[in-house]
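Line by line, the protein sequences are chains A and S. Read in this note's numbering, the first sequence has 106 at position 91, and its numbers run on one by one without any break. Read in this note's numbering, the second sequence has 17 at position 14, and its numbers run on one by one without any break. Just so it is clear, CB atoms sit at the ideal spot from N, CA and C, and this is done for glycine as well. What follows is one structure encoded as structure tokens, with my remarks underneath.
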Amino acid sequence: ETGVTQTPRHLVMGMTNKKSLKCEQHLGHNAMYWYKQSAKKPLELMFVYNFKEQTENNSVPSRFSPECPNSSHLFLHLHTLQPEDSALYLCASSQEALGTDTQYFGPGTRLTVL
Amino acid sequence: KQEVTQIPAALSVPEGENLVLNCSFTDSAIYNLQWFRQDPGKGLTSLLLIQSSQREQTSGRLNASLDKSSGRSTLYIAASQPGDSATYLCAGRESGGGADGLTFGKGTHLIIQP
Numbered sequence: 016e017t018g019v020t021q022t023p024r025h026l027v028m029g030m031t032n033k034k035s036l037k038c039e040q041h042l043g044h045n046a047m048y049w050y051k052q053s054a055k056k057p058l059e060l061m062f063v064y065n066f067k068e069q070t071e072n073n074s075v076p077s078r079f080s081p082e083c084p085n086s087s088h089l090f091l092h093l094h095t096l097q098p099e100d101s102a103l104y105l106c107a108s109s110q111e112a113l114g115t116d117t118q119y120f121g122p123g124t125r126l127t128v129l
Numbered sequence: 004k005q006e007v008t009q010i011p012a013a014l015s016v017p018e019g020e021n022l023v024l025n026c027s028f029t030d031s032a033i034y035n036l037q038w039f040r041q042d043p044g045k046g047l048t049s050l051l052l053i054q055s056s057q058r059e060q061t062s063g064r065l066n067a068s069l070d071k072s073s074g075r076s077t078l079y080i081a082a083s084q085p086g087d088s089a090t091y092l093c094a095g096r097e098s099g100g101g102a103d104g105l106t107f108g109k110g111t112h113l114i115i116q117p
């Protein structure tokens, strides 16, 4: 256990559905991240939050909407997704808003879009 | 934009061998480089983090080196065991301040034969 939990672990949704992914970290960190891992592609950074403020949006389509109500929780709201959005979505956190800290990853949510 | 390449893409060796995984990056302006392990269908486990000012880090049978000038890092695994079988990912964190995310390679899929 890394101290980062994600729910649900598996999600199947239709293209017209609206769903949300949840991430919670129990490490007292101030920065949280969403990454996408598609088959045969490197992990891709999606969003970065630092002290609840979004500091990076890596050209992610608007059908993905992040929310960070506090430093311990991070959500990814999904709506009108496409089949190519099927992937493993990983959440991570790190201590400080600097480049020197280890990032700790959750187990991921396996998303399938039908 | 930082690009990270990992060679080989896959490796299968008998138990007990020492082995080296390679990682190269295009932009030497990195804060740190991190090696992760990912088991099938799971999240990432951090193995070693090398700061830009460091040359290497060691943890048990693992040793990671960093040469910023050549844009290379290696992960050395001594006396490999079947439990080492996993995908190994390297990721660089770029300089520039803020809570920037990591840029990942595609990974090396490692199989240790009993």
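> Which runs of the beta strand (DSSP E), 3 residues or longer, sit entirely within the stretch 74–107 of chain A?
Replying inline: 79–85, 88–94
>> Here's the rule I'm using: 16 or more other beta-carbon atoms within 10 Å means buried, otherwise exposed. How should D42 of chain S be labelled?
In response: exposed
> In terms of DSSP beta bridges, what is G95 of chain S paired with?
Replying inline: S:L36, S:T106
> Under 7 Å Cβ-Cβ, which residues of chain S neighbour F120 of chain A?
Replying inline: G46, L47
> Within the 7 Å Cβ cut-off, does F28 of chain S reach chain A?
Replying inline: no
> Comparing alpha-carbon positions, which option in S:P117, S:Q5, S:C93 lies nearest L50 of chain S?
Replying inline: S:C93
> When DSSP labels each residue in this structure, what does D70 of chain S get in the three-state scheme?
Replying inline: strand
>> So, under 8 Å CB-CB, A102 of chain A and K51 of chain A are touching, yes? Tell me the CB distance rounded to an integer number of Å.
In response: 5 Å
> What are the start and end residues of the beta strand (DSSP E) that includes S27 of chain S?
Replying inline: 22–28
> Run through DSSP, which three-state label would P57 of chain A get?
Replying inline: coil
> What residue does the beta strand (DSSP E) around H112 of chain S start on, and which one ends it?
Replying inline: 111–116
> For A102 of chain S, does the count of other Cβ atoms within 10 angstroms reach 16, so buried, or fall short, so exposed?
Replying inline: With a pLDDT of only 47 at A102 of chain S, under 50, the local geometry of the prediction cannot be trusted, and the value read off the model is given with reservation. Label assigned to A102 of chain S: buried.
>> Classify V7 of chain S: buried if its beta carbon has 16 or more other beta carbons within 10 angstroms, exposed otherwise.
In response: buried
> In three-state terms, what does DSSP make of P17 of chain S?
Replying inline: strand
>> Using CA atoms only, rank isn't needed, just tell me which of S:G63, S:Q37, S:S73, S:N25 is closest to Q9 of chain S.
In response: S:N25
>> For a contact defined as C-beta to C-beta under 9 Å, what are the partners of G123 of chain A on chain D?
In response: Given the protein chain composition of this structure (A and S), no chain D is represented.
> What separation, rounded to the nearest whole angstrom, lies between the Cα atoms of Q37 of chain S and L129 of chain A?
Replying inline: 35 Å
> Closest Cβ-Cβ distance between G74 of chain S and chain A: below 7 Å?
Replying inline: no
>> Check whether chain A comes within 7 Å of L52 of chain S, counting only Cβ atoms and requiring the distance to be less than that.
In response: yes
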